[in-house]
Ligand SMILES: Cc1cc2nc3c(=O)[nH]c(=O)nc-3n(C[C@H](O)[C@H](O)[C@H](O)COP(=O)(O)OP(=O)(O)OC[C@H]3O[C@@H](n4cnc5c(N)ncnc54)[C@H](O)[C@@H]3O)c2cc1C
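Residue numbers (the numbering used here): -15 to 430.
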């Protein structure tokens, strides 16, 4: 390992190894999976050296950027783990509305940089999530119902391949690798060192509405939400979060909160787009009702992060669906009945119907996105809560079109996340770019 300076790599058993391993997982449920070596890369040379070492010694390779995979997909026994969190560069070209960013750049940090220059990108909704994993898996972000999953705004990538070659891929160069890098997520078979992004003008207004309902009107609110899903203005991210308590909103008991940002050219337009929330037939049962208030991204990030506490243990699972409310409600009741304490939550998102997408591995989505985030603090509760998300999504899988890799739980519950055609093309591209299977792939697939 001459090419890697001491202090940038840790073999299993070395001082610092366990701190380095645990440091790659954002929450407290760090799986008992142990890479043989962890390389804390600062540049391409470190990455190439790590790949060479893996190849020469018969190890497979994993990559971690922000470590926000709920499943910690990057931790695999016996592998070489390339930690790219230090590759956090960002160069913004405001005139051409493009940026070049490193995989270790936090999405919320990029949004702040862009905001300062009156620019915008469909970055993710949470602090801590890095662009590496976020962009590779699709990327559902701010105003994504307008701009599409963030990977549609990736116009090129710098990638180091299994044989250590540094290449640039885009629509013209290495198109199969470019196809794969936009949706393969934790199954991507190369090391991304830079993403080239298309940027957008910053919307003039970001408005918000907030409505909170008690669980006893769950049937009415989910039936209404399903019924209007095709009508919701695409500038509105209509989402409902069900959780057992919402102290930060002054709600003690279980609630379903519709807190939805709308991005528009003016406050008046944002307010108009959000008016649909007044059409809920049980709107008079709302225990909190704010039809409109001006908002901004820093406020949103703070609010969203109350659901994701890094001193907790997490598990997640999800599904896309176009099933009717009648079909979904039995499963939803089971989800609510079995939900662990807050901040565990059930997300309902009105997403489609969507426009035709670009030709890319991200190839499954549907009208409604359902995701479960189980959370607890005591390791003794792992057995009790650890399969809440997976078992409820398994029970509803007959109503699913597939899953989104953002909240994947493939090691526990293999599921379909790309079309058959896209999977065939992914497999072919993997055989071309990684013929010896150097890179570990998804933890499960159908
Ligand atoms: C609190 C929280 C909030 C979230 N909010 C959103 C959201 O709003 N929208 C959304 O779409 N998703 C969201 N996610 C999901 C998140 O986008 C994915 O988990 C994403 O993979 C995280 O990226 P990361 O770089 O932080 O994670 P990592 O765990 O580092 O990466 C995930 C996987 O991607 C691959 N990978 C990462 N970097 C590279 C690279 N440079 N080269 C090659 N492969 C790489 C690896 O296989 C890795 O295992 C959220 C997750 C959490 C925990």
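From the three backbone atoms N, C-alpha and C, an ideal C-beta is built for every residue, glycine too.
Note that this is a predicted model, so its numbers are computed, not measured.
CB contact flag (residue 52, residue 21, <9 Å): no
At the level of alpha carbons, what is the spacing between residue 118 and residue 359? 21 Å
Does any heavy atom of ligand 1 sit closer than 8 Å to the C-beta of residue 114? yes
Would you mind giving the Cβ-Cβ distance between residue 177 and residue 142, rounded to the nearest angstrom? I have them listed as a contact below 8 Å. 5 Å
Should residue 263 be labelled buried (16 or more other beta-carbon atoms within 10 Å of its own) or exposed? exposed
Can you give the Cα-Cα distance for residue 206 and residue 38, rounded to whole angstroms? 50 Å
By Cβ distance, which residues of its chain are closer than 6 Å to residue 17, with the 5 residues on each side in sequence left out? 59, 60 and 61
Given a cut-off of 9 Å, decide if residue 355 and residue 331 are closer than it, judged by their beta-carbon atoms. yes
Report yes if the CB atom of residue 298 is closer than 9 Å to the CB atom of residue 357, and no otherwise. yes
Check: residue 10 C-beta below 8 Å from any heavy atom of ligand 1: yes
Measure the Cβ-Cβ separation of residue 459 and residue 120 and say whether it is below 9 Å. The structure shown does not extend to residue 459, since the chain is modelled only from -15 to 430, so the question has no answer here.
Using the three-state DSSP reduction, which class does residue 116 fall into: helix, strand or coil? helix
Since I believe residue 247 is in contact with residue 183 (beta carbons under 8 Å), could you give me their beta-carbon distance rounded to a whole number of angstroms? Wrong, their Cβ atoms sit about 14 Å apart, outside the cutoff.
At a threshold of 8 Å, does residue 342 count as lining ligand 1 (C-beta to nearest heavy atom)? no
Euclidean distance between Cα positions of residue 265 and residue 208: 7 Å
Would you grab the beta carbon distance between residue 309 and residue 391 for me? Rounded to a whole angstrom, and I think it's under 8 Å. With 8 Å as the limit, residue 309 and residue 391 do not qualify as a contact, their Cβ atoms being about 22 Å apart.
When the cut-off is 9 Å and only beta carbons count, does residue 377 lie next to chain C? Judged by its chain identifiers, the structure shown contains no chain C, having just a single protein chain.
Excluding sequence positions up to five away, which residues of its chain have a Cβ less than 6 Å from the Cβ of residue 370? 299
Tell me which residue opens and which closes the beta strand (DSSP E) that residue 108 is part of. That residue, residue 108, is in no beta strand (DSSP E); it is neither H nor E in DSSP.
Work out the CA separation of residue 379 and residue 73 for me, nearest whole Å. 43 Å
Check each candidate in 149, 116 and 95 and name the one with the smallest Cα separation from residue 127. 95
Are the Cβ atoms of residue 240 and residue 198 separated by less than 9 Å? yes
Given a cut-off of 9 Å on the beta-carbon distance, is the pair residue 244 and residue 222 in contact? yes
Under 8 Å: does the beta carbon of residue 15 sit that close to some heavy atom of ligand 1? no
Check whether residue 145 and residue 232 have beta carbons under 9 Å apart: no
How should residue -9 be labelled, buried or exposed, when 16 other C-beta atoms within 10 angstroms of its C-beta is the threshold for buried? exposed
Limits of the unbroken alpha helix (DSSP H) element including residue 314: 309 to 322
Thinking residue 45 and residue 64 are a contact (beta carbons under 8 Å), I'd like their distance in whole angstroms, please. 5 Å
Please determine, among 19, -12 and 13, the residue with the shortest C-alpha to C-alpha distance to residue -4. 19
Which class does residue -9 belong to by DSSP, given the choice of helix, strand or coil? coil
Would you call the stretch 379 to 388 in contact with the stretch 341 to 356, where contact means no fewer than 3 C-beta pairs closer than 8 Å? yes
With DSSP as the reference, please indicate the residues paired to residue 144 in a beta bridge. 150 and 175
For ligand 1, any of its heavy atoms closer than 8 Å to the Cβ of residue 389? yes
Does any heavy atom of ligand 1 sit closer than 8 Å to the C-beta of residue 175? yes
Can you give the Cα-Cα distance for residue 125 and residue -7, rounded to whole angstroms? 33 Å
C-alpha gap between residue 166 and residue 138, whole angstroms: 8 Å
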